[in-house]
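Residue numbers are given in full-length UniProt numbering: position 258 of the sequence shown equals residue 258, and the series is strictly consecutive.
We treat Cβ as the ideally placed atom computed from N, Cα and C, and that holds for glycine.
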Amino acid sequence: MERRHALIGMLGAGCLLPSAAAQAQELGSQVSVDQLNTFQKADIIADVQRRALKALKQELTAADASSALRLVLHDAATYNVATGTGGVDGSIVTSEELDRPENKSLVPLVKRLSKVKAELDGQAEKRGQAPISWADLIVLAGAAAASLDWKAIKLGRATDAAGGEIIASQLATPIPVSLGRGDSPAPNPSPIIPTPTENASPQEVKDFFNRLGNPSSDNGEGLFSRKPPFFPRAAFVLWTAAQPDPAAAEAKLATDPAFAEWKTSYDRSRRTVTRNNYEVDFGTYYERLANLGAKFDRTRYLIPLKTANIPRL
């Protein structure tokens, strides 16, 4: 009886413990990209985003917010809804697009971002990852610079540095950004509707945003009209933040009743400690703009993962 129990015990142990060969195979093995689970994929993408934002915040300041946002807006402006071409595809950094009158002021910023991209691409190469796309980088740059600007505003209002840091950091409103955009290999044609200049009238701004990404000739002003993607509320937020003097741009747009109510609403929000309503709306509309025409490859930055050096029991 004791011998029988011993044999059963030995058989049980043999079933539970992996062989030496199995252990050796387990050590140093990898999980291929197509076998990554949802959490592993999310962790890899989050790491890419963390490293990119860290590098960008070391290069950019709050003063860069308007130009960084303008870079994204002008890249998006090339979107042709009829053909599905253009949009946020990084083509704004090509010499042909940068040489257009409305984009020439962005050349210094692109040069600075080129340094950040070189740093990030070097890190990616060591990890076996694809280089960060220009489209992703400029979207992250806009988000990073806007966040720095918001933080500076909150710190400037604080009665003490410690309290200001808590409000600015712990109560910061995140700006959602998805990664995986591809870059266009060539410049896009000039926008069908010219990108308004800094001195554009409220009507010019309204016309531009009414048509941006709008598949219908309807501008959304009729009783049963469907609102275009960037109706006056979104246009007010995005256009003014991307101008060299946002406050002056807001005052000018507010002379049009379609924009005036949003200036009043956002002024009220920005007088609060957290500026929550304004910042949340900005994040919503910025994400919409940043995805306009973008061609996503969700596997772009994924890499195989080494398994833990612990045999599975």
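Per DSSP, Lys104 is not a residue of any alpha helix (DSSP H), being assigned neither H nor E. Across the structure, Leu113 and Ala46 are spaced so that their CA atoms are roughly 20 angstroms apart.
For the pair of segments examined, the region 163 to 178 was found not to touch the region 69 to 80: the number of CB pairs separated by less than 8 angstroms stays below three. Inter-segment contact for the region 175 to 183 and the region 280 to 297 is present: three or more beta-carbon pairs are separated by less than 8 angstroms. Within the region 109 to 168, the complete alpha helix (DSSP H) runs of at least 4 residues fall at 134 to 157, 161 to 165.
Between Ala130 and Arg270, the gap from beta carbon to beta carbon reaches 8 angstroms or more. In the DSSP annotation of this structure, the continuous segment of the alpha helix (DSSP H) that includes Pro232 starts and ends at 232 to 241.
Taking C-beta separations shorter than 8 angstroms and ignoring five residues to either side along the sequence, the partners of Glu119 in its chain run Ala55, following chain order. CA-CA distance, Ala62 to Ala144, rounds to 9 angstroms. Only residues of its own chain outside the window of five on either side were considered, and among them Gly87, Val88, Asp89, Ala135, Arg181 have a CB closer than 7 angstroms to the CB of Ala294, listed in chain order. Closest option to Ser216, judged by alpha-carbon separation, among Leu36, Asp297, Glu204, Pro229: Pro229. By the C-beta criterion, the region 66 to 74 is judged to be in contact with the region 237 to 247, since at least 3 inter-stretch pairs fall below 8 angstroms. For Pro202, the enclosing alpha helix (DSSP H) covers residues 202 to 211. Listed in chain order, the non-local C-beta contacts of Tyr278 below 7 angstroms within the same chain comprise Tyr266, Ser269, Arg270, local neighbours out to five positions each way being set aside. The beta-bridge partner set that DSSP reports for Gln30 consists of Lys306.
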